[in-house]
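Read the structure below first, then the notes.
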Amino acid sequence: MQVLKEKSVYGLIGRNIEYSFSRNYFNQRFQREELSSHQYVNFDINEISSCAKVFDTAYLKGCNVTVPYKQQIIPFLDELDEGAEKIGAVNCIDFKNGRKIGYNTDVYGFQKSLEKQLFNNDKRALILGTGGASLAVGYCLEKMGIEYKKVSRTSKTGVITYENLSEEDVTDTEIIINCTPLGTSPNINSKPPIPYQAVSKKHYLFDLVYNPELSSFLNEGKTKEARFKNGYEMLILQAERSWEIWNNNR
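Last residue of the sequence shown: 260 (my numbering), numbering continuous.
As structure tokens, then:
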């Protein structure tokens, strides 16, 4: 991989993203690798149409995309790679030859992180949330041969509402994945409203939230002696894959 040496700007597109570790992660990496001409910034925008201004940023080479724009960003791009097109969500953009190309590195990060604590009999999952991150998670679980049901606040075809989610639904699954932002700092006491009394030692709770380290959702698993893991390793893995894309495509 040949790393660009000239002035390069990268950034994170999202809303209310001051909590994100991505900026510090990349800027510390640039410092370690003596890439003094590189910079990673937050593009905190209130509406997706503002991404047009972001794309006009001088020296912009790549962006990550987070809540709530992983799906909304797609019409503003010129091209999607095969994975992002199948998933219907983008969390990485490469700017190449005047074109904006969308990728999804969440799939790679999620699978690599999830499987480290996965048991052979973990064959059923509940996905909490129906946003862009849940699309990547669902795509990944399908590839892994894991059946899943999605849970949402609102009634949708093929989706269970939190109101209708039963203890039996929880008992009949092994993996519960929080793909919502509930519990993210500073709102650390919030969590998806599921029947936690049905969580047991057999369960594996995975939270895409990584700040705080132990979310209220994961703490429910911890108290029941279940396996649990936050999204920090997933963040690092998807960031590494983004970095490869930004540099290998030159």
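Note that beta-carbon positions come from the ideal geometry of N, C-alpha and C, so glycine has one too.
Predicted, not measured: the structure shown is a model, and the values here were computed from it.
Cβ-Cβ distance between residue i and residue j below 8 Å
| i | j | result |
| --- | --- | --- |
| D104 | G142 | no |
| Y118 | L247 | yes |
| T181 | A135 | no |
| I4 | I23 | Given that the chain is displayed from residue 11 to residue 260, the structure contains no residue 4 and the question cannot be resolved. |
| D116 | A68 | no |
| I137 | G155 | no |
| S162 | S200 | no |
| C150 | Q121 | yes |
Same chain, Cβ closer than 8 Å to residue i, neighbours up to 5 away in sequence not counted
| i | result |
| --- | --- |
| R25 | D54, I55, N56, V77, P78 and Y79 |
| S47 | K15, E16, K17 and S18 |
| R109 | D88 and E89 |
| A62 | F86 |
| I198 | P222, S225 and S226 |
Spatial neighbours of residue i in its chain, beta-carbon cut-off 6 Å, leaving aside the 5 residues before and after
| i | result |
| --- | --- |
| A94 | V100, G112, Y113 and N114 |
| K234 | V209 and S210 |
| E243 | S123 |
| R251 | T115 and Y118 |
| E157 | R134 |
| K3 | Residue 3 is absent from the model: the chain starts at 11 and stops at 260. |
| Q81 | A99 and G142 |
| V75 | I23, I83, V100 and N101 |
| I97 | N114, L145, A146 and Y149 |
Buried/exposed call for residue i, threshold 16 Cβ in 10 Å
| i | result |
| --- | --- |
| S165 | exposed |
| N153 | The sequence given here places Lys at residue 153; Asn does not occur at that position. With fewer than 16 other Cβ atoms within 10 Å, it is exposed. |
| P202 | buried |
| K211 | exposed |
| T167 | exposed |
| A249 | buried |
| S59 | exposed |
| E125 | exposed |
| R207 | In the sequence as displayed, the identity of residue 207 is Gln instead of Arg. When all chains shown are included, Q207 counts as exposed. |
| E177 | exposed |
| S32 | buried |
| E230 | buried |
| S195 | exposed |
Spatial neighbours of residue i in its chain, beta-carbon cut-off 7 Å, leaving aside the 5 residues before and after
| i | result |
| --- | --- |
| L228 | L215, D217, F238 and N240 |
Any C-beta of chain C under 8 Å from that of residue i
| i | result |
| --- | --- |
| S165 | No chain C is present in this structure, which holds just one protein chain. |
Inter-stretch contact (C-beta, 8 Å, three-pair minimum) for the region 216 to 234 and the region 182 to 191: Judged by Cβ distances under 8 Å, the region 216 to 234 makes contact with the region 182 to 191, as three or more pairs qualify.
Segment contact flag, the region 79 to 92 with the region 33 to 49, C-beta cutoff 8 Å, min 3 pairs: They do not touch, by the three-pair rule.
contact_flag[the region 118 to 132, the region 162 to 180] where n(CB pairs < 8 Å) is 3 or more: With the cut-off at 8 Å, the region 118 to 132 and the region 162 to 180 do not touch.
Beta strand (DSSP E) runs wholly inside the region 195 to 250, at least 3 long, in chain order: Entirely contained in the region 195 to 250, the beta strand (DSSP E) runs reaching 3 residues are, in chain order, 214 to 217 and 237 to 239.
Ranges of the beta strand (DSSP E) found wholly within the region 114 to 143, counting only runs of at least 3: Complete beta strand (DSSP E) runs here, min 3: 134 to 138.
Completely contained beta strand (DSSP E) runs for the region 159 to 195, where each covers 3 or more residues: As far as the region 159 to 195 is concerned, its whole beta strand (DSSP E) runs of at least 3 residues are 169 to 171 and 185 to 188.
Runs of beta strand (DSSP E) wholly within the region 20 to 78 (minimum 3 residues, chain order): List check, beta strand (DSSP E) in window: 48 to 54 and 70 to 75.
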